[in-house]
């Protein structure tokens with residue numbers, strides 16, 4: 227039940243329902259009685275309204291992230307905190323690391339502090355096995371759970387995601403149209419977002435009738451040196467590639483280091499594309515073509531959606547935001 | 227008054243005072259009476275003890291930073307949150323921006339929420355005019371104020387700082403000993419830390435009897451392109467320099483871009499040194515020699531000092547941590 231249902235059934239405006247709930251005197255006794263009747267009939271949920279009205283709430287949102295020093299997540303925390311504060315909410319931050327057990331522990335801790343909602347920032351929170359997500363579904367029975375670039379189906383769970391699949395599809399097709407045929411794909415994690423990025427790459431290859439074996443897809447830690455070392459090893463094994471698409475700028479920075487070490491010219495003989503358009507993309511030489519995954523828009527939408535949930539208005543359970551490809555000097559298109 | 231004073235005056239151990247305050251039954255009635263008498267004589271401060279005992283506290287620390295997406299501050303927030311949580315404290319984060327008015331507003335907001343302490347992360351909080359710091363001194367009358375890489379003299383204010391002056395002194399002297407004579411200094415801010423860095427550079431020049439004019443010192447926004455553009459402009463004006471020391475890695479990244487654009491060889495004809503040893507230092511080509519300003523140690527010390535304050539033990543009001551110079555490929559020593 228939300229404020230719309232009450233307004234519809236009582237045949238009054240949403241503003242009137244709001245006035246009744248606020249105890250505003252500019253409502254006739256008759257109307258007030260009608261609205262209160264409907265609220266009772268529909269099963270009044272004091273918490274939902276109370277939160278929207280600023281009652282029964284500590285005005286504090288829990289933000290969980292795996293690692294606030296990660297470039298993408300540091301940006302996300304900055305924008306989430308800013309937008310929550312603009313709406314009068316504090317942010318309690320928890321950096322959980324990557325272990326499921328620790329994530330669950332911090333989630334329960336935040337719930338026990340009676341935060342008004344929890345934002346799970348980044349796509350590392352949704353696990354492959356459904357039972358490992360049960361704690362999130364349980365939590366959502368009490369408070370809204372907001373997923374920033376992650377997705378989980380469930381009541382009171384709201385996702386805002388970047389269209390990662392379309393982004394890597396577009397990046398891959400641009401590489402192909404610029405003449406590249408042997409495109410290596412490096413990724414850091416098989417998260418929701420990670421799998422979508424991989425799929426975008428695979429779909430583009432398939433649509434352009436380019437067939438590349440599994441040896442063109444590699445997982446790698448997000449460390450610059452790890453990416454460089456992996457590429458040196460693949461190169462020495464004789465694998466041929468003329469482009470490298472990556473799921474993060476740090477892997478792309480490693481790819482540039484690899485090329486520099488072997489005297490391979492970028493973008494003449496090798497194209498490189500990063501992801502997230504972080505500060506790294508302006509540090510490398512040449513500067514890096516990278517996907518702008520719109521972290522600010524994701525954060526603003528997440529907070530706006532949450533405020534909608536608190537107000538009892540109808541909000542979408544899933545919002546998708548398009549990425550941009552920012553062209554710099556590591557590609558020849 | 228702290229737990230030491232009580233222990234000394236009552237002529238019992240600190241453990242005994244602690245047991246009395248904890249209501250531990252393993253204390254004789256006589257000893258208990260003696261300790262309570264002393265506490266009363268010295269002017270019992272229930273808050274200080276209560277916080278140490280986990281009473282009258284919300285176990286929440288406010289962290290203020292100007293911008294959590296800044297590479298240095300993102301790391302600081304990560305380590306502070308981790309260490310506070312290890313001690314059973316939550317962290318409420320406020321990103322204040324750079325305006326004094328906003329900083330004061332957020333500071334008052336955190337105080338009004340009855341946080342147990344406030345950590346001011348980064349050196350951007352201490353202003354040049356004493357009256358602009360009055361709100362911090364006022365706040366310190368109620369709760370401990372912790373400064374991470376900032377310094378302000380005052381009761382209940384505790385600073386943990388990196389020895390920035392020694393770090394730039396050492397970096398400058400290494401440049402001189404490697405044969406550099408015309409060392410440009412670029413910095414972002416005239417904060418407490420910023421002024422110390424500048425002084426270290428100036429002291430080293432002076433001790434080595436190198437005299438350089440004011441045209442060798444420039445302030446610049448932390449943007450990579452801004453630093454590059456500034457250097458292009460100085461170079462075109464005919465200023466000669468064979469080394470660039472900077473107060474942050476992003477300025478140093480701009481210096482490398484400048485050199486690359488004009489075909490100046492690094493480190494053969496130009497040395498570059500950054501500051502903070504951030505991920506940028508591994509992204510540039512060549513990789514950047516940079517000062518490791520020990521952010522993790524600063525955070526751990528800040529939290530340990532705070533826990534000491536809560537326990538009523540004697541803690542230093544100022545702790546200084548030495549930096550390291552991490553040598554990579556932009557210097558020839």
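Protein chains in written order, with the working numbering: chain A, 227 to 559; chain B, 227 to 559. C-beta: ideal position from N, C-alpha, C; glycine also.
If the cut is a Cβ gap below 9 Å, which residues of chain B does residue i touch?
i: residue 293 (chain A); result: 304
i: residue 352 (chain A); result: Neighbours of residue 352 (chain A) on chain B: none; closest Cβ ~22 Å, over 9 Å.
For residue i and residue j, I'd like the C-alpha separation in whole angstroms.
i: residue 464 (chain A); j: residue 385 (chain B); result: 56 Å
i: residue 515 (chain A); j: residue 238 (chain A); result: 54 Å
i: residue 255 (chain A); j: residue 246 (chain A); result: 10 Å
i: residue 474 (chain A); j: residue 397 (chain A); result: 13 Å
i: residue 294 (chain B); j: residue 452 (chain B); result: 21 Å
i: residue 300 (chain A); j: residue 240 (chain A); result: 38 Å
i: residue 428 (chain B); j: residue 378 (chain A); result: 57 Å
i: residue 434 (chain A); j: residue 334 (chain B); result: 59 Å
i: residue 306 (chain A); j: residue 546 (chain A); result: 17 Å
i: residue 304 (chain A); j: residue 303 (chain B); result: 11 Å
i: residue 232 (chain A); j: residue 296 (chain A); result: 44 Å
i: residue 223 (chain A); j: residue 493 (chain A); result: Absent from the structure is residue 223 (chain A), since the part of chain A shown begins at 227 and ends at 559.
i: residue 273 (chain A); j: residue 342 (chain A); result: Legend: pLDDT at residue 273 (chain A) = 44, less than 50; position of this residue unreliable, value from coordinates given subsequently. The straight-line gap from Cα to Cα measures roughly 10 Å.
i: residue 279 (chain B); j: residue 330 (chain A); result: Unreliable placement is indicated for residue 279 (chain B), whose pLDDT of 47 sits below 50; no coordinate value is reported for it.
i: residue 509 (chain B); j: residue 242 (chain A); result: 58 Å
i: residue 292 (chain A); j: residue 498 (chain A); result: 27 Å
i: residue 347 (chain B); j: residue 442 (chain A); result: 44 Å
i: residue 524 (chain B); j: residue 543 (chain B); result: 14 Å
i: residue 470 (chain A); j: residue 521 (chain A); result: 23 Å
i: residue 563 (chain A); j: residue 540 (chain A); result: Outside the modelled stretch of chain A, which goes from 227 to 559, sits residue 563 (chain A), for which no answer is possible.
i: residue 538 (chain B); j: residue 310 (chain B); result: 17 Å
i: residue 281 (chain B); j: residue 363 (chain B); result: Caution is warranted here: a pLDDT of 48 is assigned to residue 281 (chain B), below 50, making its placement in the model unreliable, and the coordinate value is therefore given only provisionally. One C-alpha to the other measures close to 25 Å.
i: residue 430 (chain B); j: residue 373 (chain B); result: 27 Å
i: residue 467 (chain A); j: residue 490 (chain A); result: 11 Å
i: residue 351 (chain B); j: residue 349 (chain A); result: 34 Å
i: residue 526 (chain A); j: residue 476 (chain B); result: 27 Å
i: residue 259 (chain A); j: residue 532 (chain A); result: 30 Å
i: residue 257 (chain A); j: residue 234 (chain A); result: 13 Å
i: residue 277 (chain B); j: residue 265 (chain B); result: Any reading at residue 277 (chain B) must be qualified, since the residue scores a pLDDT of 44, below 50, and its modelled position is unreliable; the value itself is stated next. Those two C-alpha atoms are separated by around 16 Å.
i: residue 321 (chain B); j: residue 290 (chain B); result: 6 Å
Which term fits residue i, buried or exposed, when burial requires 16 or more other beta carbons within 10 angstroms of its beta carbon?
i: residue 562 (chain B); result: Nothing about residue 562 (chain B) can be read from this structure; chain B reaches only from 227 to 559.
i: residue 308 (chain B); result: buried
i: residue 406 (chain A); result: buried
i: residue 437 (chain A); result: exposed
i: residue 313 (chain B); result: exposed
i: residue 370 (chain A); result: buried
i: residue 323 (chain B); result: exposed
i: residue 488 (chain A); result: exposed
i: residue 252 (chain A); result: exposed
i: residue 549 (chain A); result: buried
i: residue 553 (chain A); result: exposed
i: residue 432 (chain B); result: exposed
i: residue 495 (chain B); result: exposed
i: residue 415 (chain A); result: buried
i: residue 439 (chain A); result: exposed
i: residue 275 (chain B); result: With a pLDDT of 46 at residue 275 (chain B), under the threshold of 50, the modelled position of that residue is not reliable, and no figure is offered here.
i: residue 400 (chain B); result: buried
Tell me, to the nearest whole angstrom, how far the beta carbon of residue i is from that of residue j; I am working on the premise that it is less than 8 Å.
i: residue 511 (chain B); j: residue 461 (chain A); result: Incorrect: roughly 18 Å between the Cβ atoms, too far for contact.
i: residue 360 (chain B); j: residue 383 (chain B); result: Between residue 383 (chain B) and residue 360 (chain B) the Cβ distance is about 12 Å, and since that is not below 8 Å, they are no contact.
i: residue 504 (chain A); j: residue 298 (chain A); result: 7 Å
i: residue 226 (chain B); j: residue 316 (chain B); result: The shown model of chain B, from 227 to 559, leaves out residue 226 (chain B), and the question about it has no answer.
Name, please, each residue of chain A whose Cβ falls closer than 7 Å to the Cβ of residue i.
i: residue 321 (chain B); result: 304, 307 and 308
i: residue 301 (chain B); result: 295
Does the ligand ADP have a heavy atom nearer than 8 Å to the CB of residue i?
i: residue 313 (chain A); result: Among the ligands in the structure shown, none appear at all, so the ligand ADP cannot be discussed.
Using a C-beta to C-beta distance shorter than 9 Å, which residues of chain A count as neighbours of residue i?
i: residue 318 (chain B); result: 286, 316, 317, 318 and 319
i: residue 506 (chain B); result: 505, 506 and 509
Within 9 Å of any Cβ in chain D, is that where the Cβ of residue i sits?
i: residue 235 (chain B); result: No chain D is present in this structure, whose protein chains are A and B.
| task | Please name the residues in the region 474-496 of chain A whose beta-carbon is closer than 8 Å to at least one beta-carbon of chain B, in chain order. | result | 476, 479, 482, 483 and 486
| said: Please identify, using Cβ separations under 8 Å, the residues of the region 508-532 of chain B that lie next to chain A, in order along the chain. | reply: 508, 509, 510 and 511
| request: With 8 Å as the limit, tell me which residues of the region 433-461 of chain A have their beta carbon closer than that to any beta carbon of chain B; keep them in chain order. | output: 450 and 451
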